Amino acid sequence: MSDSRADIGKTVWAIPEGWIPGWSHGPEPELLSHEAACILNPNDRDAHVEITIYFTDREPIGPYKLTVGARRTLHQRFNDLTDPEPIPRSTAYASVIRSDTPVIVQHTRLDSRQAENALLSTIAYTE
Numbered sequence: 017m018s019d020s021r022a023d024i025g026k027t028v029w030a031i032p033e034g035w036i037p038g039w040s041h042g043p044e045p046e047l048l049s050h051e052a053a054c055i056l057n058p059n060d061r062d063a064h065v066e067i068t069i070y071f072t073d074r075e076p077i078g079p080y081k082l083t084v085g086a087r088r089t090l091h092q093r094f095n096d097l098t099d100p101e102p103i104p105r106s107t108a109y110a111s112v113i114r115s116d117t118p119v120i121v122q123h124t125r126l127d128s129r130q131a132e133n134a135l136l137s138t139i140a141y142t143e
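In the working numbering, each residue carries its 1-based index in the sequence shown increased by 16.
Okay, here's the thing in structure tokens:
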């Protein structure tokens, strides 16, 4: 089946709520407390993505640079972003995700600080 539709997605997304818990309960890496941006690129060209992190009491950090291949998805844990610097744990933050190709972004958090885990997931904001 041929898909003649225009590109699917948007090029700017925002996640206004972010928090990487400072500790975890359970086996790693599966139950490591984390935040993630799940980025879907259903289009026919690679997406070059930049993530900038904003704080309440300091200057932003970033951009963190990623590539999501054409017709691929990437589950990027914010815990794993290290260049230009790691995102601090137990600190409120927000993020803006920009891509040169339209993508779809979903935000997920696994909070495993207790034996009873909590999972939060939502579609990021875009215009």
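Just so it is clear, CB atoms sit at the ideal spot from N, CA and C, and this is done for glycine as well. The model shown is predicted, which means the values in this text are computed figures rather than measured ones.
query: Per-residue burial, S18 [other beta carbons within 10 Å of its own, 16 or more giving buried]; result: Residue confidence for S18 is low, a pLDDT of 47 falling below 50, so the modelled location carries little weight; the figure read from the coordinates is stated next. When all chains shown are included, S18 counts as exposed.
query: Inter-residue spacing [alpha-carbon to alpha-carbon] between D60 and W29; result: 20 Å
query: For F71: DSSP bridge partner residues; result: Y109
query: Integer Cβ distance of G163 from I139, believed to fall under 8 Å; result: Outside the displayed span of the chain (17 to 143) sits residue 163, for which this structure offers no information.
query: Among T89, D23, I77, nearest to S111 - alpha-carbon criterion; result: I77
query: 8 Å Cβ cutoff met for H123 and A53; result: yes
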